[in-house]
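In full-length UniProt numbering, the protein residues as written are 1 to 260. Structure, as structure tokens:
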């Protein structure tokens with residue numbers, strides 16, 4: 001936990017090796033006099049630019065935590081990994097993996113902010129959404145979002161994981177906020193049933209929090225950038241599903257899906 005509460009915080013999440021999206025976000029962050037960059041995890045998994053992304057992250061002062069893909073890349077043997085994790089793993093050195101393994105699962109900033117990848121208790125549960133038996137991704141009832149928040153005292157509760165920007169305000173005034181994904185605007189998953197998550201645009205996204213006497217102002221930033229290099233890299237690596245997601249913010253028809 002960091003004990004000082006900053007005035008302005010940039011919250012980023014789910015980069016997934018997209019160095020060009022991350023560069024666009026960092027350039028925008030630099031234009032807003034940010035005191036702290038808070039990174040909610042899933043840094044590298046994917047067929048994109050793992051080494052470049054690592055270099056960009058390590059060159060900056062930011063607080064980083066561990067996402068589920070970061071955890072899998074340090075806990076599993078390569079043969080047991082999904083293709084996206086395995087590709088990223090192959091581009092990381094021993095020191096990189098040691099850095100990834102040492103990341104905390106949660107981070108506190110001052111008395112106001114708590115950050116996790118998915119929920120305070122685990123890195124896989126969708127906090128503000130749930131997957132229905134039909135595969136529809138729907139907003140959770142506020143009572144369930146509140147239950148997942150537990151007894152945390154912080155007023156600002158940050159999560160990533162779903163890649164969907166948004167906010168849920170709890171009855172007691174606490175706020176759960178998701179910055180959206182820096183680098184992967186759409187994906188699908190087979191668990192708990194097949195479902196698709198789509199931001200609907202190819203933009204890089206992050207959240208800018210500014211503290212005032214009235215509380216924290218939340219500004220979701222949506223940044224167009226040139227996706228062509230990352231999309232071409234995905235296609236060269238045999239991942240046209242990723243290329244389609246990067247170019248459109250939507251998934252192709254089922255049959256060529258993003259494997260986790």
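C-beta atoms are modelled at their ideal positions from N, C-alpha and C, and glycine is treated no differently.
Spatial neighbours of residue i within its chain, please: CB distance less than 6 Å, with the 5 preceding and 5 following residues excluded, ordered by chain position.
i           : result
residue 41  : 65, 66, 67, 70 and 117
residue 104 : 65
residue 51  : 91
residue 100 : 70 and 74
residue 231 : 243, 246 and 247
residue 216 : 156 and 209
Among residues of its own chain, excluding the 5 on either side of residue i, which ones have a beta-carbon nearer than 8 Å to its beta-carbon?
i           : result
residue 154 : 108, 111, 112, 113, 114 and 174
Output the boundary residues of the beta strand (DSSP E) element that contains residue i.
i           : result
residue 211 : 204-212
residue 168 : 166-169
Closer than 7 Å by C-beta to residue i: which residues in its own chain qualify, once you throw out the five before and the five after it? Chain order, please.
i           : result
residue 178 : 128, 159, 160, 162, 164, 165 and 166
residue 168 : 128, 142, 145 and 176
residue 245 : 184, 185, 186, 187, 251 and 258
Just grab the DSSP bridge partners of residue i for me.
i           : result
residue 158 : 115 and 177
residue 12  : 39
residue 197 : 187
residue 220 : 207
residue 215 : 212
residue 63  : 38
Which stretch, first to last residue, makes up the alpha helix (DSSP H) that contains residue i?
i           : result
residue 19  : 19-30
residue 83  : 83-90
residue 245 : 240-248
residue 50  : 50-58
residue 70  : 68-75
residue 228 : 228-236
Runs of beta strand (DSSP E) lying entirely within the region 101-152, each at least 3 residues, in chain order:
Uninterrupted beta strand (DSSP E) stretches at least 3 residues long and entirely within the region 101-152 occur at 106-109, 113-116, 129-131 and 137-139, given in chain order.
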